[in-house]
RNA sequence: GCCCCCGUAGCUCAAUCGGAUAGAGCGUGUGGCUUCGGACCACAAGGUUGCGGGUUCAAGUCCUGCCGGGGGUGCCA
């Protein structure tokens, strides 16, 4: 393994290379049959007796090679190029190869980590590929809800992970600033506005019944006065709708910023109509042959597209009244992202209530000749929000909402982010606001932050002794080596999270790292002591730990305090 | 009905293309403060991974049938 100037050591990758070389060498000598070797699976054994890393490659090869897996393991170990990394490489039944890192090599890695500092964890996976992450994108028809916080935390953290993994990332918020929902919103806002002025204008049946609409109308009335009442209702509704919409967009932007989320682009749906892109893309789609006119509407015949990217049923692109559906503008939007702006990959993060949209979106992309694999869509499950025993159903239309702003005020941005990130997107989430607020001090996020603050405290106390001159070869204590091993896992976790678009690995790793630091290293190894050489060496290790803890926190968008 | 997600310790959740003895946090019980920061640490109890079949050297993980929860199934988004 080599530490290049812009990437971090990944032990796993080195083992894969060693095993690949060993396999080729064995085949060259006729010790293994000439079959195509799969990439070696590498894992970290739970049992320390099995070494630091293990491969089950012999077990995978046994059938095809028609050989005993233990025999294959012995052959591979025999052909393995020497590496300074490992103290021991052993075979173990039924056919594992176990690798144990050497103490001297481990200790040396502390220098490498301190040298790259904030860049530790950077891996060349992305090769500069351009990836856009689009997330939250809630309709501007109400304040962001607690559920939006999950998508926000996921999307922002994924963007940070991909960036560290060598991708050029861009965060985007798609603003549905037009369409039927906004129409209903405008009419509701007009009704509330008129009601405040004593007029008997009912909220439409399909309107937004939440009390926040009354508040919004009141704010606008205070700012803009009564003049909209004298306009024709349709015009008044449209103008009030635009004002309300813009206020809510500004509010969303501010709330997300308070959560540490800043977008590169807020993309307007209306702009797709203004530039005629919707019409152009509909033409392109028509040329694909998957468009049909019937019953006065224009349909996308995705059911004819075949099994995998297809959809069970057809979907309307243009209503019989001539107005395109959201689906139509969304196809144009993705055409803009994938073709016009040319992102290599576009990751959409949607709530589970949009899952039905996935197959038809993929089908439409396919019909336009775009590889649907360039559009991974992450569906995160809903969150069940509770206040103690009471379950809060959230719907902007009924108005029963808990806003993201309230969540941030109650539990804090750091705790909220850590909580949202700790669950895999697939898992339903249970969020008890009372509990989260009441137990905020026991929240795992503080454990990680505390570990970081403690490293800072030790370095402060060290004063001039912390001059970076420590001799890392003095780091031989089991607890010191355990801490180094755990730190070396960080680039692997970044890779895992980036490859699978799974941010939840980061908080889990952060917790493990903090535990090893506090329970093993700090508990067993006093840093500041009479032994000046040992003190300097351990200070360097603490610096490394501070860097890696800080990197995990930064990756999650959570503060890394110097003191608490 | 059909499609998608989930079901793992009392609770909330992990478990790296299927790997060796299924792990954390909270909660519970016991013990520890002469503190490089006690927002801490040690130990303990707690599991037939919803149930039944199947594939495999190996299944929480893959296939299949049930059971239970959530979501989707609009000329809404």
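In our numbering, the protein residues as written are 61 to 624.
In this text, a Cβ means the ideal position worked out from N, Cα and C, and glycines have one as well.
Secondary-structure assignment with DSSP links residue 125 through no beta bridge to anything. Beta-bridge analysis with DSSP links residue 233 to 326. Straight-line measurement puts the Cα of residue 210 at about 8 Å from the Cα of residue 196. Residue 101 has its alpha-carbon roughly 13 Å from the corresponding atom of residue 155.
Beyond the five residues adjoining it in sequence on each side, residue 328 comes within less than 7 Å, by CB distance, of 235 and 237 in the same chain, given in chain order. The C-alpha of residue 435 lies about 47 Å from the C-alpha of residue 583. Counting along the chain, residue 192 sits inside the beta strand (DSSP E) bounded by residues 190 to 194.
Bounds of the alpha helix (DSSP H) holding residue 478 are 473 to 482. One alpha carbon belongs to residue 343, the other to residue 213, and they sit about 37 Å apart. If you draw a straight line from the Cα of residue 277 to the Cα of residue 264, it comes to about 15 Å. Here the C-alpha atom of residue 324 lies approximately 50 Å from the C-alpha atom of residue 150. In the DSSP assignment, residue 145 falls outside any alpha helix (DSSP H) and carries neither an H nor an E.
In its chain, beyond the 5 residues on either side, 532, 535, 544, 600, 601 and 604 have a beta carbon closer than 7 Å to the beta carbon of residue 170. Annotation: the continuous alpha helix (DSSP H) that includes residue 305 extends over 293 to 318. Rounded to the nearest whole angstrom, the C-alpha separation of residue 198 and residue 204 is 7 Å. As for any beta strand (DSSP E) of minimum length 3 sitting wholly inside the region 377 to 445, the runs are 405 to 411 and 437 to 440, ordered along the chain. The three-state secondary structure of residue 180, taken from DSSP, is coil.
Looking at 223, 159, 163 and 129, the one whose alpha-carbon comes closest to that of residue 181 is 223. Apart from the 5 residues on each side of it in sequence, residue 430 sits with its Cβ closer than 6 Å to the Cβ of 398 in its chain, given in chain order. Nearest to residue 202 by alpha-carbon distance, out of 482, 411 and 246, is 246. Residue 595 carries a helical assignment under DSSP once its states are collapsed to helix, strand and coil. A contact is defined here as three or more CB-CB pairs under 8 Å, and the region 572 to 582 fails this definition with respect to the region 128 to 143. Looking at 175, 147 and 174, the one whose alpha-carbon comes closest to that of residue 162 is 147. Counting along the chain, the unbroken beta strand (DSSP E) around residue 492 starts and ends at 489 to 492. Assignment of residue 361 by DSSP, reduced to helix, strand and coil, places it in the coil class.
Between residue 464 and residue 595, the C-beta spacing is not below 8 Å.
Contact check between the region 122 to 137 and the region 102 to 113: fewer than three CB pairs, one atom from each, fall below 8 Å, which does not count as touching.
A distance below 6 Å between beta-carbons, with the five flanking residues on each side excluded, links residue 389 to the following residues of its chain, in chain order: 329, 332 and 338. Membership of residue 353 in the beta strand (DSSP E) is indicated by the continuous run 351 to 354. Between the region 413 to 427 and the region 469 to 478 there are fewer than three C-beta pairs closer than 8 Å, too few to call the two in contact.
The count of Cβ pairs closer than 8 Å, one atom from the region 215 to 231 and one from the region 555 to 569, reaches three, so the stretches are in contact. By the Cβ test, the region 379 to 386 is in contact with the region 351 to 361, since at least three Cβ pairs between them sit closer than 8 Å.
Look at residue 99 here: in three-state DSSP terms it is coil, with no helix or strand label. Bounds of any alpha helix (DSSP H) do not take in residue 450; it lies within the beta strand (DSSP E) bounded by 450 to 452.
Around the beta carbon of residue 450, fewer than 16 other beta carbons lie within 10 angstroms, which makes this residue exposed. In this structure, residue 493 keeps its C-beta atom at 8 Å or more from the C-beta atom of residue 556.
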